[in-house]
Amino acid sequence: MGRIIKDPEERRKELIDTAERLFIAEGYDQTAISDIVKEVNVSQGAFYYYFDSKDDVLVAVVDKQIALMESDFHQIAYRNDLDEVAKFNSMVRRFLCISASEKKILSYIHHARKATLHTKLMAIRPFARIAPILSEVIDKGCNKGCFHVERPLETSYLLVVLMASANHMFYQCDDFFKSINTDQSDKESRARMNMAMEDLLGRALGVSDYRFVLEI
2 MGRIIKDPEE RRKELIDTAE RLFIAEGYDQ TAISDIVKEV NVSQGAFYYY
52 FDSKDDVLVA VVDKQIALME SDFHQIAYRN DLDEVAKFNS MVRRFLCISA
102 SEKKILSYIH HARKATLHTK LMAIRPFARI APILSEVIDK GCNKGCFHVE
152 RPLETSYLLV VLMASANHMF YQCDDFFKSI NTDQSDKESR ARMNMAMEDL
202 LGRALGVSDY RFVLEI
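Using my numbering, you'd call the opening residue of the sequence shown number 2 and step up by one each time.
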């Protein structure tokens, strides 16, 4: 079957989507660039036209996932049927309740010992794309008396970093729950961490009469 010429942006997206699917199905380390180009029916030279390495296409996959979350955050922020407390809660749930595919990608990243990969990931500025949207909701909530926060933007950055760490704990470190308390079930350990997160969010936002319920 002959190769089909496509618009460069369309071809790049196809490579990213295919790489993501293979990384999830086969694992990042088990997927070779040759596997990706075979699926897309392009040459390896075409792959290297868009990406310098397999790490670079992984970064593009993460960037795609961050863009989807960013879009979801904007949609939540502009909803007229939710107050600021409900919007904030929805954003937190969206951040923490990631999909099975996102978990697999994050699992590799968290366990990877590649300084260059983590440098490239930070270059797409994931926190800087999410925190300002969260900050707008917090700021409006402060104006309405729902929240009591002196520095909404700085608080948002700290909360996003905290939630990113929570993702690591909830989804990547299953052995952690067993090691900290062998007498309690995994479910009970997760419930304790969930309650701690709810309490911390309430305190960070200066909320005294609202209980955050996180669907983790």
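C-beta: ideal position from N, C-alpha, C; glycine also.
Self-check item: Same chain, Cβ closer than 6 Å to Thr32, neighbours up to 5 away in sequence not counted
Solution: Residue 32 sits at position 31 when you count from the first residue of the sequence shown. Taken in chain order, the residues that qualify are Leu23 and Phe24.
Exercise. Would you mind sorting Leu1 into buried or exposed? The rule is 16 or more other CB atoms within 10 Å of its CB.
Key: Within the shown structure, residues of the chain are numbered from 2 to 217, placing residue 1 beyond reach of any answer.
Quiz item: If we count the other Cβ atoms within 10 Å of its Cβ and call it buried at 16 or more, is Val162 buried or exposed?
Solution: On the sequence shown, residue 162 is found 161 positions in, with the first residue counted as 1. Val162 is exposed by the Cβ-count criterion.
Exercise. Measure the beta-carbon distance from Leu107 to Asn168 and round it to whole angstroms, keeping in mind my assumption that it falls under 8 Å.
Key: Your numbering for residue 107 matches position 106 in the sequence shown. Your numbering for residue 168 matches position 167 in the sequence shown. Yes, they are in contact, since the Cβ atoms of Leu107 and Asn168 sit about 7 Å apart, within 8 Å.
Exercise. Figure out for me which residue from Glu15, Leu59 and Leu201 has the closest Cα to the Cα of Glu103.
Key: Along the sequence shown, one-based indexing puts residue 103 at 102. Comparing Cα positions, the closest option is Leu59.
Quiz item: If you draw a straight line from the alpha carbon of Glu189 to that of Glu15, how long is it in whole angstroms?
Solution: On the sequence shown, position 188 is the one that residue 189 refers to. On the sequence shown, position 14 is the one that residue 15 refers to. Using only the alpha carbons, I get a separation of about 42 Å.
Exercise. Report all residues from its chain with a CB closer than 7 Å to the CB of Tyr143; omit the five preceding and five following residues, and keep chain order.
Key: Counting from 1 along the sequence shown, the entry for residue 143 is found at position 142. Before going on, a small fix: residue 143 reads as Cys here, not Tyr. These residues qualify, in order along the chain: His149, Val150 and Pro153.
Quiz prompt | Residue of Leu83, Glu10, Gly28 and Gly207 minimising C-alpha distance to Phe52 | solution = Here the question's residue 52 lines up with position 51 in the sequence shown. The candidate whose alpha carbon is nearest that of Phe52 is Glu10.
Quiz prompt | Local conformation of Cys143 per DSSP, three classes | solution = What you label residue 143 is simply residue 142 of the sequence shown in a count that begins at 1. Helix at Cys143.
Practice problem: Look at Ala78 and Glu155 and say whether their C-beta atoms are less than 8 Å apart. | Solution: Translated into positions along the sequence shown, residue 78 becomes position 77. Translated into positions along the sequence shown, residue 155 becomes position 154. Not closer than 8 Å, so no.
Self-check item: Ala61 versus Ser100 - alpha carbon distance
Solution: Numbered from 1 along the sequence shown, position 60 holds the residue referred to as residue 61. Numbered from 1 along the sequence shown, position 99 holds the residue referred to as residue 100. C-alpha separation (whole angstroms): 17 Å.
Quiz prompt | Spatial distance of Gly28 from Arg95 (CA atoms) | solution = Along the sequence shown, one-based indexing puts residue 28 at 27. Along the sequence shown, one-based indexing puts residue 95 at 94. Each residue's Cα considered, the two are about 24 Å apart.
Quiz item: Hey, out of Met198, Gly46 and Asp73, whose CA is closest to Ile134's CA?
Solution: The sequence position of residue 134 within the sequence shown is 133, counting from 1. Taking only the C-alpha atoms, the option nearest Ile134 is Asp73.
Quiz item: Is the distance from the Cβ of Glu71 to the Cβ of Ile17 below 8 Å?
Solution: If you number the sequence shown from 1, residue 71 lands on position 70. If you number the sequence shown from 1, residue 17 lands on position 16. Not in contact: Glu71 and Ile17 (Cβ atoms no closer than 8 Å).
Practice problem: Just the C-alpha distance for Pro127 and Gly146, rounded to the nearest angstrom, thanks. | Solution: The residue given as residue 127 occupies position 126 in the sequence shown. The residue given as residue 146 occupies position 145 in the sequence shown. Using only the alpha carbons, I get a separation of about 29 Å.
Quiz item: Between which two residues does the alpha helix (DSSP H) containing Gly28 stretch?
Solution: Here residue 28 is taken as the residue at index 27 of the sequence shown, counted from 1. That residue, Gly28, is in no alpha helix (DSSP H); it is neither H nor E in DSSP.
Self-check item: In chain order, each alpha helix (DSSP H) run of at least 4 residues that lies wholly inside the region 94–174
Solution: 101–112, 116–124, 127–144 and 153–168
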